[in-house]
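Q: Residue numbers (the UniProt record's numbering), protein chains in the order written: chain X, 1 to 751; chain D, 1 to 751.
Positions of the beta carbon are idealized from the N, C-alpha and C atoms, including for glycine.
There are 2 protein chains.
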Amino acid sequence: MKARIIIFILSCFSAQFLMAQHPSLILTKAGVEQMRREGTKSPLFSASLNEVQKEVDEYIAKGIKVPVPKDLAGGYTHEQHKSNFLMLQKAGVLFQVTGNEDYARYIHETLKAYALLFPTFDRHPSERSYAPGKFFWQCLNDANWLVYVSQAYDCIYDWISEEERNALNSMLFRPMADFLSVETPQFFNRIHNHSTWANAAVGMIGLVMDDEKLVQRALYGLKSSDLKSTQVDNDGGSILQEGQEEAGFIAQIDFAFSPDGYFTEGPYYQRYAMYPFLIFAQALANKKPDLKIFEHRNGLLIKAVYALLYQTNSEGEFFPFNDAQKGMSVYSRELITAVSTAFHYGHKDEALLAIVVDQGKVSLDDAGLEAALALEKANVKPFVKPSIMFTDGPNGDEGGIGILRQYANKDELTLVMKYAKHGMGHGHFDQLSFLYYLNGDEIIQDYGAARWVNIEQKSGGGYLNENKTWAKQTVAHNTLVINNASQFGGNVTEADKYHGEPYLFNATDENIKVVSAKNNQVYKNTGLHRSMVIIKHPSFENPILLDLFRVTAKGQNNYDLPLLYQGQLMKTSFDFEVHESMEKLGNSDGYEHLWNEAEAKLTKGTSQMSWFSKNRFYTQSFVSTAKDKIIHARLGATDPEFNLRRDPILITRRTTTGNTLFASILEVHGAYSTVSEIATNTYSQIQQLEILRNDEQYSLVAFTHKNGGSWVFAISNNDNAAEAKHEVVQNGEKFAWKGSFHLFDQSSNQK
Amino acid sequence: MKARIIIFILSCFSAQFLMAQHPSLILTKAGVEQMRREGTKSPLFSASLNEVQKEVDEYIAKGIKVPVPKDLAGGYTHEQHKSNFLMLQKAGVLFQVTGNEDYARYIHETLKAYALLFPTFDRHPSERSYAPGKFFWQCLNDANWLVYVSQAYDCIYDWISEEERNALNSMLFRPMADFLSVETPQFFNRIHNHSTWANAAVGMIGLVMDDEKLVQRALYGLKSSDLKSTQVDNDGGSILQEGQEEAGFIAQIDFAFSPDGYFTEGPYYQRYAMYPFLIFAQALANKKPDLKIFEHRNGLLIKAVYALLYQTNSEGEFFPFNDAQKGMSVYSRELITAVSTAFHYGHKDEALLAIVVDQGKVSLDDAGLEAALALEKANVKPFVKPSIMFTDGPNGDEGGIGILRQYANKDELTLVMKYAKHGMGHGHFDQLSFLYYLNGDEIIQDYGAARWVNIEQKSGGGYLNENKTWAKQTVAHNTLVINNASQFGGNVTEADKYHGEPYLFNATDENIKVVSAKNNQVYKNTGLHRSMVIIKHPSFENPILLDLFRVTAKGQNNYDLPLLYQGQLMKTSFDFEVHESMEKLGNSDGYEHLWNEAEAKLTKGTSQMSWFSKNRFYTQSFVSTAKDKIIHARLGATDPEFNLRRDPILITRRTTTGNTLFASILEVHGAYSTVSEIATNTYSQIQQLEILRNDEQYSLVAFTHKNGGSWVFAISNNDNAAEAKHEVVQNGEKFAWKGSFHLFDQSSNQK
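(1) So, is the C-beta of Tyr153 (chain X) closer than 9 Å to a C-beta in chain D?
(2) Could you list the residues in the segment 665-679 of chain X with a C-beta less than 9 Å from some C-beta on chain D, going in chain order?
(3) What is the DSSP secondary structure of Tyr331 (chain D), reduced to helix, strand or coil?
(4) Would you report the Cα separation of Cys12 (chain D) and Asn169 (chain D), rounded to the nearest angstrom?
(5) Taking 9 Å as the CB-CB limit, is Lys418 (chain D) close to chain X?
(6) Within this structure, are the beta carbons of Met204 (chain X) and Gln151 (chain X) separated by less than 9 Å?
(7) Distance cutoff 9 Å, beta carbons only. Does Met570 (chain X) sit that close to anything in chain D?
(8) Please tell me whether Ala517 (chain X) has its Cβ less than 9 Å away from any Cβ of chain D.
(9) Select from the segment 428-440 of chain X all residues with a C-beta closer than 8 Å to any C-beta belonging to chain D, and list them in chain order.
(10) Alpha carbon to alpha carbon, how far is Pro394 (chain D) from Asp254 (chain D)? Give it in angstroms, no decimals.
(11) When Cβ atoms are compared, which residues of the segment 450-470 of chain D fall closer than 9 Å to chain X?
(12) Evaluate contact between the segment 598-610 of chain D and the segment 666-679 of chain X, counting only Cβ atoms and requiring at least three cross-stretch pairs below 8 Å.
(13) Excluding the five sequence neighbours on either side, which residues of its own chain have a C-beta within less than 6 Å of the C-beta of Gln282 (chain X), listed in chain order?
(14) Using the Cβ count rule (16 or more neighbours within 10 Å means buried), how would you classify Ile5 (chain X)?
(15) Is Ile269 (chain X) close to chain D? Criterion is C-beta to C-beta, closer than 9 Å.
(16) Quick check on DSSP: helix, strand or coil for Gly527 (chain D)?
(17) How many angstroms separate the CA atom of Leu438 (chain D) from the CA atom of Thr508 (chain D)?
(18) So with CB distances below 8 Å, who are the chain X contacts of Thr682 (chain D)?
(19) Output, in sequence order along the chain, the residues in the segment 302-333 of chain D whose CB is closer than 8 Å to any CB in chain X.
(20) Following the continuous beta strand (DSSP E) through residue 762 (chain X), name the residue where it begins and the one where it ends.
(21) Can you round the beta-carbon distance between Tyr565 (chain D) and Ile444 (chain D) to whole angstroms, since I take them to be within the 8 Å contact cut?
(22) Out of curiosity, what's the CA-to-CA distance linking Tyr586 (chain D) and Glu667 (chain D)?
(23) Quick one: grab the DSSP three-state call for Thr660 (chain D).
(24) I need the straight-line Cα distance from Ala256 (chain X) to Gln270 (chain X), nearest angstrom please.
(25) Under 7 Å Cβ to Cβ from Val215 (chain D), same chain only, skipping five residues before and after it: list those, please.
(26) Assuming Ile686 (chain X) and Thr619 (chain X) form a contact by the criterion Cβ under 8 Å, report the distance between their Cβ atoms to the nearest whole angstrom.
(27) Quick one, which of D:Val481, D:Ala450 and D:His477 has its alpha-carbon nearest Lys468 (chain D)'s?
(28) Indicate whether at least one CB of chain D lies closer than 9 Å to the CB of His632 (chain X).
(29) Do three or more CB pairs link the segment 401-410 of chain D to the segment 236-249 of chain D at distances below 8 Å?
(30) Find the nearest neighbour of Pro502 (chain D) within the set D:Val384, D:Ala721 and D:Gly425, judged by alpha-carbon distance.
(31) Please state whether DSSP places Ser258 (chain X) in a helix, a strand or coil.
(32) Give me the subset of the segment 571-583 of chain D whose CB atoms are less than 8 Å from a CB atom of chain X, sorted by chain position.
(33) Taking the alpha helix (DSSP H) that Gly299 (chain X) belongs to, which residues open and close that run?
(34) Spell out the partners DSSP gives Ile239 (chain D) in its beta bridges.
(35) Give a yes or no on whether the C-beta atoms belonging to Ala324 (chain D) and Gly266 (chain D) are separated by under 9 Å.
(36) Is the Cβ-Cβ distance between Gln655 (chain D) and Asn558 (chain D) less than 9 Å?
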């Protein structure tokens with residue numbers, strides 16, 4: 001029966017022209033005219049077009065392949081369907097811009113093959129996903145497919161006959177839109193990057209087919225679904241967020257972002273979601289201008305692009321907190337679209353053109369053309385990323401992240417401290433953790449995700465077991481682990497209920513930049529308060545990073561403060577006892593993945609460890625007590641599939657009763673060249689670091705330079721008002737300041 | 001008494017001019033004239049001059065500092081004296097080229113300070129060297145000092161008065177020349193890079209002072225010294241080589257190099273020695289042209305520069321076999337001088353100018369000027385490094401190294417196999433080991449030396465204990481370890497007596513390049529024969545590396561074949577048992593530094609392991625037997641000072657009786673981008689690898705491609721004649737070929 005219908009439909013297929021109303025999704029008639037007319041005036045646009053044409057021509061020459069789905073990510077059928085949708089979208093653009101009907105024919109033939117394949121099976125044979133897809137193992141990839149293919153379809157919509165259109169619409173596109181929505185509500189109706197793709201997919205094909213029902217479904221979600229709040233996805237994230245009452249594309253914009261444009265899942269997934277956000281928004285801007293989608297929430301989608309750009313290191317790589325593959329950057333295809341879109345639909349901000357120049361290509365659409373043409377006239381200046389705080393939560397009152405940037409010589413130092421929401425299924429238990437960069441190089445790393453995206457050998461390209469057992473655990477981050485247990489007991493649902501509390505963010509003084517935040521929920525009856533200060537002073541070769549991590553607790557606890565430094569250990573002020581055989585550090589919460597390489601008992605005073613990485617020296621100086629111990633751990637235990645990197649981790653371990661303070665200074669110093677073999681400033685400049693006071697009201701630490709300089713940093717722990725006046729007498733000396741913190745230069749007093 | 005003499009001498013110091021006969025060492029009157037006249041015509045020369053001037057001006061502005069010697073390498077006094085000599089040399093050039101007397105005054109004042117310091121103490125207080133120095137902990141650095149300072153002195157020789165000259169000559173330079181020679185014969189009279197510096201130092205100051213006695217001593221060594229053949233240096237190298245009868249600079253050229261220009265200590269030390277070789281040779285060419293030093297041994301010194309350039313990877317980094325710090329490259333100051341010198345005193349080979357362009361600077365002398373001016377007129381083409389074999393030994397009959405280069409797509413694959421002499425105190429026990437590069441990246445590494453040169457924290461910048469216990473040991477190399485013992489029992493004196501035997505080197509067929517060598521001395525009563533073949537065939541994405549390592553032995557032995565791969569393990573065809581706790585692999589010969597991470601028992605057939613490194617995939621396919629075991633080891637055990645990198649090492653372990661053959665194929669395949677997240681060709685293309693025959697006469701191996709291709713590689717094991725005809729019948733199939741090896745394409749037979 002099914003076969004007979006297909007034969008009937010195919011017999012109706014033939015190419016003919018209709019009244020031209022397409023393309024109108026991403027490309028527009030006027031835009032295409034302009035591309036043909038002015039595209040050649042821009043070397044960048046021409047080059048982008050030529051590159052795409054070469055790529056697509058080579059792909060078409062290999063023949064159309066629409067295999068029966070079978071593989072996971074990285075496997076043949078997965079990669080083939082993925083390449084197909086990327087190439088179809090590009091072929092659509094090429095058809096419009098060049099007028100060469102070969103591209104249209106390629107698209108039409110491929111879509112017919114998909115139309116024939118679609119009804120022949122139910123869902124993908126793999127059962128690994130909470131929402132198994134059709135052509136792919138998860139609906140997410142099918143939504144990707146439809147977002148891209150809608151654009152291709154839009155480009156040939158008027159070129160094929162009405163009968164052909166009806167056939168494709170009814171055999172492939174409407175069923176697929178239903179499949180991704182009403183048939184898979186757990187995928188469609190969430191506040192999550194997955195649903196953003198789903199919403200955009202359904203909405204875009206709806207716009208192409210002028211199917212208002214689909215468009216409304218995409219914008220406002222399923223009216224009713226029997227989703228339960230206890231359902232979770234593959235990553236342990238809840239399908240329904242607590243209190244969630246809305247769904248659909250508009251709800252994604254309203255609830256997944258803070259007013260600043262920060263996306264609660266973090267930059268790696270924001271980058272991923274940004275494409276459907278912006279591409280569907282472009283389509284809506286073209287087809288439903290009354291919706292004023294780019295003005296929604298004070299222009300939130302444009303702000304979100306800036307938020308993404310600001311959440312990168314000097315090389316344009318996104319901060320890899322939460323689940324994130326390192327190396328993802330502003331050079332990704334999503335950001336190439338995003339930057340042009342932000343230029344075109346935003347404020348024509350010429351600063352963005354510097355990023356376009358770095359990217360070296362533009363998207364082949366109205367926005368890309370405008371950016372490329374603007375580049376020809378603009379005086380492009382570097383894109384400056386400020387020290388900036390981003391709030392989290394739809395109302396901007398659920399924690400956030402603080403980014404401090406400081407410059408010295410030709411270097412950029414970038415600090416990121418995280419006190420945002422957990423970020424749902426892709427979140428890590430990393431409250432008050434930090435990342436620290438010297439230019440594009442990690443000084444103190446976030447491990448990122450334990451995953452090789454799309455590399456089939458490694459668990460089908462999906463998340464590895466070690467992502468849960470290691471990468472998400474607290475000990476995998478640069479923040480305090482209490483009694484060897486991860487924050488929130490490693491429970492996502494629990495973690496999703498809370499967020500950190502911003503205490504201070506101040507980067508107005510070029511020489512003292514501070515980010516400070518608290519969290520009293522991660523461990524029961526325990527207050528955590530971390531303040532990180534980048535101090536620039538001519539006595540020091542480079543800015544130094546002062547870190548004060550306060551704990552308010554009762555009874556005896558064990559505190560582990562991991563430091564995921566990158567590099568090779570040079571020298572320590574204490575004597576490591578290096579183990580003759582290596583045991584793992586524990587049995588759960590990530591400790592089972594750490595080898596205990598070496599241990600040292602510390603003494604009261606200032607302890608130091610130096611290391612070397614990429615031709616620079618680093619020293620961590622920290623206040624130690626006679627009860628402290630230090631462990632040099634090495635990642636890689638309990639790793640049957642060799643999934644983990646063998647990174648070093650320094651753990652300061654303190655067992656103590658009541659409140660305590662971890663104080664340290666991190667220096668970047670000197671340089672070395674394996675060519676000149678000249679080493680400079682190989683030693684720390686810190687002589688001593690000392691805690692003068694630490695209580696509910698104030699923390700005061702003193703530090704001295706080997707050349708005699710001496711400073712006291714004071715911070716109020718419970719009053720962050722800028723106008724508040726403070727006065728502390730310590731060892732007979734009076735410290736008075738205004739605002740919540742101050743750095744006292746004591747150098748002259750010493751004489 | 002001493003003080004009175006000094007005062008008397010100093011009272012004679014005053015600046016006045018004499019008849020101008022200097023400079024004549026490296027700079028010449030005519031050359032200086034040309035620099036002034038034509039230097040500005042070359043942007044490169046001007047830039048080099050400006051850079052030096054800026055550097056020297058900044059240095060002089062800090063004031064003259066000639067501290068009493070105290071520190072080891074990396075320490076203050078060491079680095080200060082080192083900077084002094086580098087800056088003095090440059091200041092001399094600046095004085096000559098600019099005529100600015102400030103530079104001459106700076107040199108003169110500094111030399112006076114040295115003259116005052118020199119007689120006030122005996123040798124450097126450190127007792128770590130077999131030849132303690134004066135201003136430095138070892139004479140080697142003092143010889144460096146004199147090589148550079150002689151040039152500075154030459155530049156102001158005519159500018160100061162005769163009395164001033166006499167004072168410096170008698171108070172500083174003659175005593176220093178004697179100190180480095182007659183007073184330290186164990187340093188001066190060797191065939192070794194140390195003595196090259198010593199000879200050049202004494203010879204150059206002799207030329208400046210027109211002291212023919214010193215020059216003769218430098219050229220031909222001490223006539224008599226009471227050195228004993230049992231004396232060794234800090235590195236365990238013999239002071240006297242067996243049969244050594246000559247010493248001095250000419251003997252260095254005659255005995256340290258093979259006729260090809262290969263230096264027996266390896267490229268890292270050749271680079272280091274090249275400066276005194278060439279700079280003293282330049283001085284001799286200027287002052288003693290009748291010696292025709294650059295024509296000596298058929299222009300050996302120029303050949304040696306080419307040999308150095310050929311012993312680099314695609315990034316210009318020297319192959320780090322023997323004691324060598326990785327990263328040392330053609331960008332070093334020694335090579336900047338060397339390349340210009342080879343251009344000027346060699347054949348004006350324009351190919352060298354491509355290296356000059358990469359270096360971006362030239363030496364400020366006649367040679368540098370000529371290279372810089374030539375660059376302005378030349379049509380610079382890339383410097384092509386050939387597949388090439390270098391012989392070792394003064395007569396070229398003591399083994400050597402084979403370098404194969406192959407190109408695919410935009411990549412260069414470089415293989416180096418070593419069967420040279422041991423290389424004295426800096427040699428490693430690495431006969432028949434290999435290195436393999438993809439462009440500048442190590443696929444299979446040589447560990448290099450365990451040392452941070454000039455970084456004081458790490459054992460004063462000198463060799464670390466682990467250099468001896470790990471880096472030199474056989475298990476630290478990609479070659480066979482028999483019965484867990486290093487080659488030659490780890491004895492340098494024994495190792496120095498032997499060398500490998502070249503068997504084949506053939507790179508004439510672009511698609512099959514072979515290097516093959518034997519060594520029957522490294523283990524008693526054991527024959528080793530390794531053949532490495534780079535095969536380029538359109539069936540494979542990239543050229544593949546076939547490795548056949550034959551052992552001829554009696555009785556039962558344990559064989560370990562380490563592979564120091566770089567990257568992260570992806571997938572294995574066998575099941576690793578990963579250890580719950582880690583023990584070291586042994587107690588000596590380097591095994592004490594290896595953790596036993598995981599083990600697997602192999603089965604008979606083809607085993608495979610894939611790994612990932614810098615966005616490329618690699619697979620090692622190898623023939624395994626049911627008696628084989630594989631160990632995944634991790635470096636870093638028994639490392640109390642954290643001196644070792646945590647590199648992975650794959651060890652194939654086979655316990656067997658009689659002869660055996662290790663056969664493997666190494667593939668580079670596919671690519672991955674963390675930005676596009678697209679992975680291609682992540683799997684090996686090898687289906688099977690099988691040994692058809694292995695005996696005294698022949699080895700035959702068969703391998704198949706997953707797409708059905710099939711090949712047999714045959715090699716004669718005891719007849720390397722190019723004209724020899726061979727015929728083998730194997731499983732009823734006849735293989736006939738001419739020459740010692742052949743690759744039979746069986747693909748068509750399979751149909």
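A: By the coordinates alone:
(1) no
(2) The segment 665-679 of chain X vs chain D, Cβ under 9 Å: Tyr672, Ser673, Thr674, Val675, Ser676, Glu677, Ile678 and Ala679.
(3) DSSP, reduced to helix, strand and coil, places Tyr331 (chain D) outside both helices and strands of the structure shown, so it counts as coil.
(4) Low local confidence applies: a pLDDT of 39 at Cys12 (chain D) is under 50, so the model's placement there is unreliable, and no value is given.
(5) The Cβ of Lys418 (chain D) sits no closer than 9 Å to any Cβ of chain X.
(6) Contact flag set, yes.
(7) yes
(8) By this cut-off, Ala517 (chain X) is not an interface position.
(9) none
(10) 6 Å
(11) Trp452, Val453, Asn454, Ile455, Glu456, Gln457, Lys458 and Gly461
(12) Touching, no, given that fewer than three Cβ pairs across the two stretches are closer than 8 Å.
(13) Ile26
(14) Legend: pLDDT at Ile5 (chain X) = 46, less than 50; position of this residue unreliable, value from coordinates given subsequently. Ile5 (chain X) is exposed by the Cβ-count criterion.
(15) The question names Ile, but residue 269 (chain X) is Tyr in the sequence shown. With 9 Å as the cut-off, Tyr269 (chain X) does not count as an interface residue toward chain D.
(16) strand
(17) 21 Å
(18) Gly74, Ile455, Glu456 and Gln457
(19) Cβ contacts with chain X: Gln325, Lys326, Gly327, Met328, Ser329, Tyr331, Ser332 and Arg333.
(20) Any answer about residue 762 (chain X) is impossible in this case: the structure gives chain X only from 1 up to 751.
(21) Yes, Tyr565 (chain D) and Ile444 (chain D) are in contact; Cβ-Cβ is about 6 Å, under 8 Å.
(22) Looking at the sequence itself, residue 586 (chain D) is Gly, so the reference to Tyr does not match. Separation of Gly586 (chain D) and Glu667 (chain D) (C-alpha to C-alpha, rounded to the nearest whole angstrom) is 31 Å.
(23) strand
(24) Near 9 Å, if we compare the C-alpha coordinates of Gln270 (chain X) and Ala256 (chain X).
(25) Gly203, Gly206 and Leu207
(26) 7 Å
(27) Nearest of D:Val481, D:Ala450 and D:His477 to Lys468 (chain D), Cα basis: D:Ala450.
(28) yes
(29) no
(30) Pro502 (chain D) has its Cα closest to that of D:Ala721, out of D:Val384, D:Ala721 and D:Gly425.
(31) coil
(32) Lys571, Phe576, Val578, Glu580, Ser581, Met582 and Glu583
(33) His296 to Tyr310
(34) None, per the DSSP bridge assignment.
(35) A Cβ-Cβ contact shorter than 9 Å links Ala324 (chain D) with Gly266 (chain D).
(36) Note that residue 655 (chain D) is Thr in the sequence shown here, rather than Gln. Yes, Cβ-Cβ distance for Thr655 (chain D) and Asn558 (chain D) is below 9 Å.
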